[in-house]
Amino acid sequence: HPDDHSAAIEMWSSLLSDPGSSRTIRQRIIRPDGSERWIESTVLNRLDSQRSGVLLSISHDVTERRRHERDLEHRALTDQLTNLPNRFSLDTSLESMLSDGPATVAFLDLDGFKSVNDQLGHRVGDTALEAIAARLSNTAPESAVVGRWGGDEFVLIGPGDCEDELRSAIEAAFADPISVGDDQWHPRCSYGVAHGDSSIEPDQLIRSADTAMYEAKERRAG
50 HPDDHSAAIE MWSSLLSDPG SSRTIRQRII RPDGSERWIE STVLNRLDSQ RSGVLLSISH
110 DVTERRRHER DLEHRALTDQ LTNLPNRFSL DTSLESMLSD GPATVAFLDL DGFKSVNDQL
170 GHRVGDTALE AIAARLSNTA PESAVVGRWG GDEFVLIGPG DCEDELRSAI EAAFADPISV
230 GDDQWHPRCS YGVAHGDSSI EPDQLIRSAD TAMYEAKERR AG
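Numbering (our numbering) for the sequence shown: 50 to 271.
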């Protein structure tokens, strides 16, 4: 596979310069019908051996194992209901973003969502959460990451000082009612925003946005 050429060249160069050693590489091959398969090969350099002077290779088709690994990785990083990045994935994305410069976090919590679950059932509630997740994904800036923190909480993170853009995205996502069962539900949320740079840990920045969200919720309730 063209995308694996550089890794293969590097492996072979390293192996051939180190007699008696072995290397293992996993790479794709393209079959005559155009389909791809993942092959894992272990190669032993015996070129310096007076008895054999050969390269020994054992290869296995690991396509299904690779597919299973990717599925597990996806599940580990993705919220299963909304298909958004989950808490762990958000932490990782924010850490990466902060390593490049300042970042902005918006933490939001739905207002009155418990009544949807209580009155209409959790299945309808899940449908509403999926709709909100889709709206946030559509309204958020392209450079932002939208994820589900858990329950009825969502997090948006973006590079630099993008508070205005994140606020606009949230307000646009909650502007119109959502069809839940035979009814129309007008979703509302409270949210808080925090800014930070590499001097602050990702979880601290998220906690700051979470605190700002609760302060906003108290102001609305009071």
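Cβ coordinates follow ideal geometry from the N, Cα and C atoms, glycine included. Everything numeric in this text was worked out from a predicted model, so none of it was measured.
For T91, count the other beta carbons within 10 Å of its own beta carbon; 16 or more makes it buried, fewer makes it exposed. Which is it? In the sequence shown, counting from the first residue as 1, residue 91 sits at position 42. Looking at its Cβ environment, which holds fewer than 16 other Cβ atoms inside 10 Å, T91 is exposed.
Can you check the segment 127 to 182 for any alpha helix (DSSP H) of at least 4 residues that lies completely inside it and give the ranges in chain order? Runs of the alpha helix (DSSP H) inside the segment 127 to 182: 136 to 149 and 162 to 169.
For A243, write down the residues that DSSP places opposite it in a beta bridge. Taking the first residue of the sequence shown as 1, we reach residue 243 at position 194. Paired residue(s): V154.
DSSP state of I249 mapped onto helix, strand, coil: As a position in the sequence shown, residue 249 is number 200, starting the count at 1. Three-state result, I249: coil.
To the nearest angstrom, how far is it from the Cα of R197 to the Cα of P134? Reading the sequence shown from its first residue, position 148 is the one you call residue 197. Reading the sequence shown from its first residue, position 85 is the one you call residue 134. Taking the straight line joining both Cα atoms gives about 6 Å.
Buried or exposed, going by whether 16 or more other CB atoms sit within 10 Å of the CB of V204? Translated into the one-based positions of the sequence shown, residue 204 becomes position 155. Result: buried.
Can we count Q253 as close to the ligand HEM, meaning its CB is less than 7 Å from some heavy atom? Of ligands this structure carries none, so the ligand HEM is not represented either.
Considering only C-alpha positions, which residue in the set E214, G69 and R75 is nearest to S108? As a first step, residue 108 is located in the sequence shown; it is residue number 59 there, counting from the start. Closest by alpha carbon: R75.
Leaving out five residues before and five after E89 in sequence, what residues of the same chain have Cβ atoms less than 6 Å from its Cβ? In the sequence shown, the residue the question calls residue 89 occupies position 40. Around E89: R75, H109 and V111.
Could you tell me the distance, in whole angstroms, from the CA atom of S228 to the CA atom of A56? By 1-based counting over the sequence shown, the position of residue 228 is 179. By 1-based counting over the sequence shown, the position of residue 56 is 7. Whole-angstrom Cα-Cα distance: 51 Å.
If you count every other CB in all the chains shown that lies within 10 Å of the CB of I79, and 16 or more means buried, which is it? Locating residue 79 in the sequence shown gives position 30, counting from the first residue. The residue in question, I79, is exposed, as its Cβ has fewer than 16 Cβ neighbours within 10 Å.
Need the endpoints of the beta strand (DSSP E) that E202 sits in, please. For the purposes of this step, residue 202 is identified with residue 153 of the sequence shown, where counting begins at 1. From DSSP, the beta strand (DSSP E) with E202 extends over E202 to P208.
Rounded to a whole number of angstroms, what is the C-alpha to C-alpha distance between D160 and P81? Locating residue 160 in the sequence shown gives position 111, counting from the first residue. Locating residue 81 in the sequence shown gives position 32, counting from the first residue. Here the C-alpha atom of D160 lies approximately 56 Å from the C-alpha atom of P81.
Neighbour-count burial assignment, I58, 16 or more Cβ in a 10 Å radius: Residue mapping note: residue 58 aligns to position 9 of the sequence shown, counting from 1. With fewer than 16 Cβ atoms within 10 Å of its Cβ, I58 is classed as exposed.
Looking at T131 and L178, is the spacing between their C-beta atoms short of 8 Å? Within the sequence shown, residue 178 is the residue found at index 129, counting from 1. Within the sequence shown, residue 131 is the residue found at index 82, counting from 1. Yes, these two residues count as a Cβ contact at 8 Å.
Endpoints, alpha helix (DSSP H) assigned at L64: Within the sequence shown, numbered from 1, the residue matching residue 64 stands at position 15. Per DSSP, L64 belongs to the alpha helix (DSSP H) from H54 to L65.
What separation, rounded to the nearest whole angstrom, lies between the Cα atoms of S349 and C211? This structure cannot speak to residue 349, because the chain is shown only from 50 to 271.
Is the separation between the beta-carbon of S239 and that of R269 shorter than 8 Å? Taking the sequence shown and counting its residues from 1, one reaches residue 239 at position 190. Taking the sequence shown and counting its residues from 1, one reaches residue 269 at position 220. Yes. Within cutoff.
Whether or not the segment 116 to 127 and the segment 163 to 175 are in contact is what I'm after, with contact meaning three or more pairs of Cβ atoms, one per stretch, closer than 8 Å; do they touch? They do not touch, by the three-pair rule.
Taking the alpha helix (DSSP H) that D213 falls in, what are its first and last residues? Counting from one through the sequence shown, the residue named residue 213 turns up at place 164. Taken as a continuous stretch (DSSP letters only), the alpha helix (DSSP H) holding D213 covers E212 to A222.
Nearest-angstrom Cα distance between V195 and H117? Taking the first residue of the sequence shown as 1, we reach residue 195 at position 146. Taking the first residue of the sequence shown as 1, we reach residue 117 at position 68. Taking the straight line from one Cα to the other gives about 26 Å.
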